[in-house]
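Student: In the numbering used here, the protein residues as written are 696 to 1037. Attaching a single structure in structure tokens format; questions to follow.
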Amino acid sequence: MKTKQNDLEIISSDIPLQPSEIISKCVVCDCSEFELLYKVRDTNQGVSGQWRLMVCKECGLGVIEPFPSQGQIASFYIDQFYTDDGKRFQGWVENLRGILAWMRGIGLNRVAPVKKGRLLDFGAGAGHFAKVQEARGWEVYSVDPYSSKANSADLCKLDGDRIQLEFSDHYFNVITLWYVIEHLRNPEAAIAEFKRVLKPGGILVLAQQNFASIQARLFGSRWLILDPPRHIWQFNEENLLKLVARYNFKKSAISHSSIELGPFTILQSILNYLVGNENYLFCLLKNGGLRSKGKMNKNIPLGRALASIALGVGLFPFCIIIYFLLLMLGSGDVFTLYLRRE
Ligand SMILES: [Zn+2]
């Protein structure tokens, strides 16, 4: 594997980048100086190629280079990413995600000015959150630019890389993006559109991986939720707040906790040192797991699969402890911003 990686590095450094594939200015702070942090490849879905993870010298925003076109982004979400019923993981994991989606609503209830109203879940995926919020009495609309099952094409359109929502101004009380903003080619245009359709005083929820976390620094290119090339951007709290402030969004609350992602991210990132930097355990939990040889885009060697499971079971309690210790230090793998529209 090492040889293959080295080959890729040589090949990619030989290919000159087109001007459109280079970010000349930071979208947050306008700084034109970026430095290479490390080279990355897709260890989750097996999209071929290699990217440079570039970091803005001024604000710490991370972005992949070559910067993908809108057409390329669509190709990163290969068929297997969502199965026919819109679910990404094996049945028991999806059930667990349903419970965790219910918990997300508790956090929202603490800050939302109303307890029932119109909610847009943007990037709804399998629709767990939409379902539980509907049960709580919200009028929920779900759109997902990358899942045909969850998306209603007439509600969300793309004009180039600009999202257009087919709703009138000030339509929603709440808009939620659970791990979505980092996937968008043009996050700033999306935020402008969210401002348009959100009522004054309404809440925008942005949850994403935390590039300033101890975990991100410690695990580097082995960090599970780096997820290139689907994660085009790597935000931290400070630069994301700066970006949304341009559209009159102010921080109402922040949370660093995620029992859903935190302990498992730590576990998989450690396993990436021990078993190979291929996110084997994560891939096993995805729909089909070991049985899906023909279907999965990645074949997992049996020895690596068994080692991942055995070590995973043994190390998971230890990872839960690390997760809570890091949380006490204010470092979560992810952060959720609850933003009020002025
Ligand atoms: Zn910057």
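Glycine residues also receive a C-beta, built at the ideal position from the N, C-alpha and C atoms.
Ligand 1 heavy atoms versus the CB of E933: any closer than 7 Å?
Tutor: Result no, Cβ not under 7 Å from ligand 1.
Student: Hey, quick one: how far does the alpha helix (DSSP H) through S1003 stretch, first residue to last?
Tutor: Start and end: L997 to M1023.
Student: Verify the contact flag: L732, CB atom, against every heavy atom of ligand 1, threshold strictly below 7 Å.
Tutor: No, ligand 1 has no heavy atom inside 7 Å of this Cβ.
Student: Taking the alpha carbon of L1024 as the reference point, which residue from L815, D864, G757 and S950 has its own alpha carbon closest?
Tutor: Nearest of L815, D864, G757 and S950 to L1024, Cα basis: S950.
Student: Can you have a look at D779 and say buried or exposed, based on whether 16 or more other CB atoms are within 10 angstroms of its CB?
Tutor: For D779, the pLDDT reaches just 41, beneath the cut-off of 50, and the residue's location in the model is therefore unreliable, leaving the point undetermined.
Student: Using a Cβ distance threshold of 8 Å, determine whether the region 926-940 contacts the region 871-879, with at least three qualifying pairs required.
Tutor: As far as the Cβ criterion goes, the region 926-940 touches the region 871-879, which means the pair count is three or higher.
Student: On the DSSP letters alone, give me the boundaries of the beta strand (DSSP E) that N868 sits inside.
Tutor: Its beta strand (DSSP E) spans residues F867 to W873.
Student: Answer with buried or exposed for N994, where buried requires no fewer than 16 other C-beta atoms within 10 angstroms of its C-beta.
Tutor: Exposed is the call here.
Student: Looking at E834 and ligand 1, is the gap between the Cβ and the nearest heavy atom below 7 Å?
Tutor: Not under cutoff, so the answer is no.
Student: Within its chain, find whatever has a CB closer than 7 Å to the CB of L935; leave out the 5 residues flanking it on each side and keep chain order.
Tutor: Closer than 7 Å at the Cβ level, and outside the excluded window around L935, lie L901 and L1032.
Student: Using a Cβ-Cβ cut-off of 6 Å (strictly less than) and excluding sequence neighbours within five positions of D771, which residues of its own chain qualify?
Tutor: Before going on, a small fix: residue 771 reads as Phe here, not Asp. Here the set comprises V742, P924 and R925.
Student: Apart from the five residues just before and just after I717, which ones in its own chain have a Cβ nearer than 8 Å to its Cβ?
Tutor: Hits under 8 Å: E760, P761 and F762.
Student: Specify whether the region 851-867 and the region 909-921 touch according to this definition: at least 3 beta carbon pairs, one from each stretch, less than 8 Å apart.
Tutor: Flag = no, the region 851-867 and the region 909-921 do not touch.
Student: Mind listing, in chain order, the residues whose beta carbon lies closer than 6 Å to a non-hydrogen atom of ligand 1?
Tutor: The filter returns C721, V723, C724, C726, C751, E753, C754 and L756, in chain order.
Student: Quick one: grab the DSSP three-state call for G793.
Tutor: G793: helix per DSSP, three-state reduction.
Student: Can you find the residues in the same chain that come closer than 6 Å, C-beta to C-beta, to Q765, ignoring five residues on each side of it along the sequence?
Tutor: Cβ within range, chain order: D856 and R880.
Student: Kindly provide the ranges of any beta strand (DSSP E) runs that are 3 or more residues long and lie completely inside the region 884-930, ordered along the chain.
Tutor: Taking only runs of at least 3 residues, the beta strand (DSSP E) segments lying wholly in the region 884-930 are 893-904.
Student: Compare the C-alpha of P711 against each of E728, R747, D1028 and S727 and name the closest.
Tutor: Checking every option, the nearest Cα to that of P711 belongs to R747.
Student: For the region 704-769, list the beta strand (DSSP E) runs that are entirely contained and at least 3 residues long, ordered along the chain.
Tutor: Complete beta strand (DSSP E) runs here, min 3: 729-735, 746-751 and 757-760.
Student: Rounded to whole angstroms, what is the Cα-Cα separation between S727 and V750?
Tutor: Approximately 11 Å between the Cα atoms of the pair.
Student: For F997, does the count of other Cβ atoms within 10 angstroms reach 16, so buried, or fall short, so exposed?
Tutor: In the sequence under discussion, the amino acid at residue 997 is Leu, which differs from the Phe named in the question. Flag for L997 reads exposed.
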